[in-house]
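What follows is a set of notes on a single structure, which appears directly below.
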């Protein structure tokens, strides 16, 4: 994609965007990675992410994109634990995981990264977050059914059209 406009920061929500559950209500900590490499919760239920996510994060990272996650969950330790157990930390430069408006998350991203809101791309399953963060000038994509490669491509195209 040489010569094309690229976001300087790509941000993903967690619950129902990178994984198909709410970390504070649908899974029970502590989480453990078993010898089969899969993650299970306290009750022995397998904790899964959306199928395209690991390869998507790896590819974006290898292509030089800066990646971040923003979550409003109150289950901060648990969300961080899953990100770590899924081995996504190596792809994520920034993490803002705490309750409250996503406006606060994005102000922190701007402050910590120096990236202007107009140079950010954000994926979230909740429409209210899309509206709120979009008002900052961030290109926002409603990932209604979670992240998949087609949603990522749609977002990258939206970013390019908005900024060309």
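Residue numbers (this note's numbering): 256 to 419. The C-beta atom is built at its ideal place from N, Cα and C for all residues, glycine as well. Predicted model only: the values in this text are computed from it and were never measured.
Fill in: Beta-carbon proximity list for residue 313, same chain, < 7 Å, skipping 5 on both sides
346
Discussion item. Nearest by alpha-carbon distance to residue 305: which of 344, 272 and 290 is it?
Written reply: 272
Discussion item. Quick check on DSSP: helix, strand or coil for residue 263?
Written reply: coil
Item to complete: Report buried or exposed for residue 401, applying the criterion of at least 16 other Cβ atoms within 10 angstroms of its Cβ.
Response: buried
Fill in: Boundaries (first-last residue) of the alpha helix (DSSP H) holding residue 348
Counting along the chain, residue 348 falls outside any alpha helix (DSSP H), though it belongs to the beta strand (DSSP E) covering 347 to 352.
Discussion item. Tell me the rounded alpha-carbon separation between residue 293 and residue 376.
Written reply: 30 Å
Item to complete: Tell me, please, which residues DSSP counts as bridged to residue 377.
Response: 266 and 395
Worksheet item: Any idea which residues DSSP pairs residue 274 with across the strands?
Response: 270
Item to complete: Report the rounded CA-to-CA distance for residue 380 versus residue 268, giving the unit in angstroms.
Response: 8 Å
Discussion item. Taking the beta carbon of residue 333 as the centre, do at least 16 other beta carbons fall within 10 Å, making it buried, or is it exposed?
Written reply: buried
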